[in-house]
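For the sequence shown, the numbering used here puts the final residue at 1197, and the numbers step up evenly by one. The next block holds one structure in the form of structure tokens; read it before the comments.
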Amino acid sequence: PLEKVHFINALKAGVIAATLLEMIKYAMFAYIQYFPVYELIYGTLSTVMLVMLWVYLAWIIVLLGASFCYCFENKELIKLDN
């Protein structure tokens, strides 16, 4: 949390994370649009499950974006480890 991050590295990681978030947004919309079978079976519970899945995937992408930012910021250390 107290680490200084260069703007360009944060921007690159943010663009990657935002692109992935947009991709799962469209994927979830397509899933809801074309697979309404779960709504018939589970009712409102299916909506709760889909929201939980959305939150889970969104936070995975946020953490992945933070990992990308770390890698961009510390690529010299990563090269030395290899």
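Note that CB positions come from ideal geometry on N, CA and C, so glycine has one too. Because the structure is a prediction, the values reported are computed rather than measured.
Query: Tell me which residue opens and which closes the alpha helix (DSSP H) that Glu-1137 is part of.; Result: 1122-1149
Query: To the nearest angstrom, report how far apart Leu-1178 and Lys-1127 are at their CA atoms.; Result: 14 Å
Query: Please determine, among Tyr-1157, Glu-1137 and Val-1130, the residue with the shortest C-alpha to C-alpha distance to Ala-1173.; Result: Glu-1137
Query: Which residue comes first and which comes last in the alpha helix (DSSP H) that contains Glu-1154?; Result: 1152-1157
Query: Considering only residues of the same chain and omitting the five flanking positions on each side of Trp-1169, which have a CB-CB separation below 8 Å?; Result: Ile-1139 and Met-1143
Query: What number of angstroms, rounded off, separates the C-alpha of Thr-1159 from the C-alpha of Ala-1133?; Result: 29 Å
Query: Go ahead and pull the three-state DSSP assignment for Lys-1194.; Result: helix
Query: Compare the beta carbon distance of Val-1120 and Cys-1186 with 8 Å and say whether it is the shorter of the two.; Result: no
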